[in-house]
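Numbering of the sequence shown is given in full-length UniProt numbering, commencing with residue 1 and proceeding in unit increments.
Backbone N, C-alpha and C define an ideal beta-carbon position, used for all residues, glycine too.
Report on the following structure.
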Amino acid sequence: MRTFFEVHLRLVITVWLILLSVLSLLYLMNYMKFDSLMSSVVSSKLEVISASLETSIKRAERLGISFQSADNVKEQIDRARHRESNVLSISLIDQQGGLVYQSRADEGEYVPVSQDVIRRALKSNEAKWTFSNDSELYSGLQITNSFGSLAGSVVIEYDKSALYGMYALVRLHLLEATILIFLVFSLVVFLIIRFGFADVANVIKLIHGYSSGEKKALDGAAHGSMSHNIAEQIKQSEKMKSYVSDELERINSLAKEGEIKR
C-alpha cells in the first residue's frame, strides 16, 4: 500500500491533471466554435434582410429620390424589422454617419447609433460587415451610389439575449460530456497504471527493502517477473562481492605468512 501511494498515486494524479487540462481546452474551443457558428448563422439571416433593403434603396436612388424622402424605403425597413422578432432596430445612416431613418421594436424615439458601430459600418473594407458586443450583434451592408461612392449603410441591431438559453444548454451539454469523458478515462488510466505498472512498483519495493537491510525481500519476488530478474542479479552481485572479499582475505593472509617466514 505504501508503494501504491508513493508511486502509483503520484503517476495517476499527474495523468489526471494532464487529462483535465486537455479536456478543459477542448471544452473552451468547442464553445468558442459554437459561438462563432451561431454568430455566422444570425449574420446570414441579417444579410438577407440587408440585401432586400439594398434593392429598395438602389431603386429609389436611381429615381433620384433622396434617403430622407424615400417613403417606400422606410416602409421596407419597417416591414423587414417585423420579419425577425429578435431585431431591435434597423437604421439607415448616410456617409457622414448621420441617422436618416430608424425603425425600432419599442416604437420609441430614434436612438443614435454608437460610434463604434458607425466606424465599422463606414470604414469596413467589406460591403457586408458585422460588429458584436456582449449583448448585441450588429450587421449591415454598405450602400453605394451610381458613381460607386459610399452613400451610407444599413445597420441592423440584433438582440443576442435571445440566444442565451441555447448557449446555456450547449454549455451544460459540453460540461456533462467533458465530465463523463474525464471519469471514464480516469478510471481507465487508474486501472492501466495500477495493474500495468505493478511490476515497477514491486521493483521499487524490492530495492527499498534491500537497501533497508531486509535480505528476505530478494526471495519474495514472483518467478519470471522483472523484480525476480533484478533480485537474481542482486544475488549474483552479492555472491561476486562475497567471492572477491574472500579472495582478498586469502591474499592478505598469504602475504602475512610470507612476511612471517622472512
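Could you give the first and the last residue of the continuous alpha helix (DSSP H) run that contains residue i?
| i | result |
| --- | --- |
| E75 | D71 to R83 |
Could you check what DSSP says for residue i in three-state terms: helix, strand or coil?
| i | result |
| --- | --- |
| Q102 | strand |
| Q142 | strand |
| D134 | coil |
| A127 | coil |
| V87 | strand |
Is there at least one non-hydrogen atom of the ligand PLP closer than 7 Å to the beta-carbon of residue i?
| i | result |
| --- | --- |
| S149 | In the structure on display, the ligand PLP does not appear, and there are no ligands present to speak of. |
Compute the Euclidean distance between the alpha carbons of residue i and residue j, then round it to the nearest angstrom.
| i | j | result |
| --- | --- | --- |
| A127 | I156 | 14 Å |
| A121 | E47 | 13 Å |
| Q142 | K58 | 12 Å |
| V12 | I179 | 17 Å |
| S245 | S253 | 12 Å |
| D71 | D78 | 11 Å |
| F185 | F131 | 41 Å |
| G152 | S52 | 16 Å |
| L19 | H82 | 49 Å |
| Y167 | N30 | 12 Å |
| V87 | S36 | 19 Å |
| V41 | F34 | 10 Å |
| S146 | G165 | 44 Å |
| Y158 | S21 | 35 Å |
| S103 | M32 | 32 Å |
| L191 | A177 | 21 Å |
| M154 | G148 | Checking the sequence, you will find Val at residue 154 rather than Met. So the alpha carbons of these two residues sit roughly 16 Å apart. |
| L187 | L25 | 20 Å |
Going by DSSP, what residue range makes up the beta strand (DSSP E) through residue i?
| i | result |
| --- | --- |
| residue 272 | Only positions 1 to 262 of the chain appear in the structure, and residue 272 is not among them; the question remains open. |
Apart from the five residues just before and just after residue i, which ones in its own chain have a Cβ nearer than 6 Å to its Cβ?
| i | result |
| --- | --- |
| E73 | In the sequence as presented, Glu is not what sits at residue 73; that position holds Val. So the qualifying residues of the chain are S56, I57 and A60. |
| V189 | V15 |
| I118 | G97 |
Once you ignore the five residues that flank residue i on each side, which residues in its own chain have a CB closer than 7 Å to its CB?
| i | result |
| --- | --- |
| S135 | K160 and S161 |
| A80 | I49, S52, L53 and I90 |
| L99 | S91, I93, Y110, P112 and V113 |
| residue 263 | It is not possible to answer for residue 263, since the shown part of the chain is limited to 1 through 262. |
List the whole-angstrom C-beta distance separating residue i from residue j, where the pair is believed to meet the contact cut-off of C-beta under 8 Å.
| i | j | result |
| --- | --- | --- |
| S89 | A105 | 7 Å |
| S139 | S43 | 5 Å |
| V113 | I93 | 6 Å |
| I181 | L23 | 6 Å |
| S39 | L137 | 6 Å |
| L174 | Y27 | 5 Å |
| E107 | K45 | Not quite, the Cβ-Cβ distance comes to about 23 Å (not below 8 Å), so this is no contact. |
Excluding the 5 residues preceding and the 5 following residue i in the sequence, name in chain order all residues of the same chain whose CB lies nearer than 8 Å to its CB.
| i | result |
| --- | --- |
| L163 | M38 and V42 |
| I193 | H8, L11, V12 and V15 |
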